[in-house]
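Q: Shown below is the structure under consideration.
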Amino acid sequence: MKGLVLEVRGKTVLVMDETGVIRRVRVRHPVAVGQRLALAGPGMTRQSVAWIAATAAVLLLVSGFGWWGFLQPVRYISLDVNPAFSLALNRLDLVLSAEG
Numbered sequence: 005m006k007g008l009v010l011e012v013r014g015k016t017v018l019v020m021d022e023t024g025v026i027r028r029v030r031v032r033h034p035v036a037v038g039q040r041l042a043l044a045g046p047g048m049t050r051q052s053v054a055w056i057a058a059t060a061a062v063l064l065l066v067s068g069f070g071w072w073g074f075l076q077p078v079r080y081i082s083l084d085v086n087p088a089f090s091l092a093l094n095r096l097d098l099v100l101s102a103e104g
């Protein structure tokens, strides 16, 4: 997409794109009013990166606690018959370990 430079303010310029929308764009090289620029599409902003990082951290935290709770034994069953054996169960009554 291309745009037309309307105003220059230091390293930022006001550009009107092909759809007529005026955007503020940061440039690395000097430009002049009336010059046509090639515009990139919308990229990742700092705010969107922060939201993605926060969401990933929360998901890791929640899934980590879920696995920790799943792997912790909460019940032990021991039968002393010949031969004796014992079972360790989690919250869902799944056997985590068996000895005997």
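According to the working numbering, the residues represented by the sequence shown are 5 to 104, in order. Where a beta carbon is used, it is the ideal one built from N, C-alpha and C, also for glycine. Fair warning: this is a prediction, and the values are worked out from it, not measured in the lab.
1. Taking the Cβ atom as the reference point for each residue, do D80 and A61 lie within a distance shorter than 9 angstroms?
2. Under 9 angstroms between the Cβ atoms of L18 and R28?
3. Work out the CA separation of A57 and K6 for me, nearest whole Å.
4. If you draw a straight line from the C-alpha of G68 to the C-alpha of N94, how long is it?
5. Would L96 and F74 qualify as a contact pair, given that the criterion is a beta-carbon distance under 9 angstroms?
A: With the structure as the only source:
1. Residue mapping note: residue 80 aligns to position 76 of the sequence shown, counting from 1. Residue mapping note: residue 61 aligns to position 57 of the sequence shown, counting from 1. Reading off the sequence shown, one finds Tyr at residue 80, where the question assumed Asp. Going by C-beta atoms, Y80 is not nearer than 9 angstroms to A61.
2. To locate residue 18, count along the sequence shown from 1; it is residue 14. To locate residue 28, count along the sequence shown from 1; it is residue 24. Against a cut-off of 9 angstroms, the Cβ pair of R28 and L18 comes out as a contact.
3. Along the sequence shown, one-based indexing puts residue 6 at 2. Along the sequence shown, one-based indexing puts residue 57 at 53. So the two alpha carbons sit approximately 32 angstroms from each other.
4. Counting from 1 along the sequence shown, the entry for residue 68 is found at position 64. Counting from 1 along the sequence shown, the entry for residue 94 is found at position 90. Taking the straight line from one Cα to the other gives about 16 angstroms.
5. Here the question's residue 96 lines up with position 92 in the sequence shown. Here the question's residue 74 lines up with position 70 in the sequence shown. A contact, by the Cβ cut-off of 9 angstroms.
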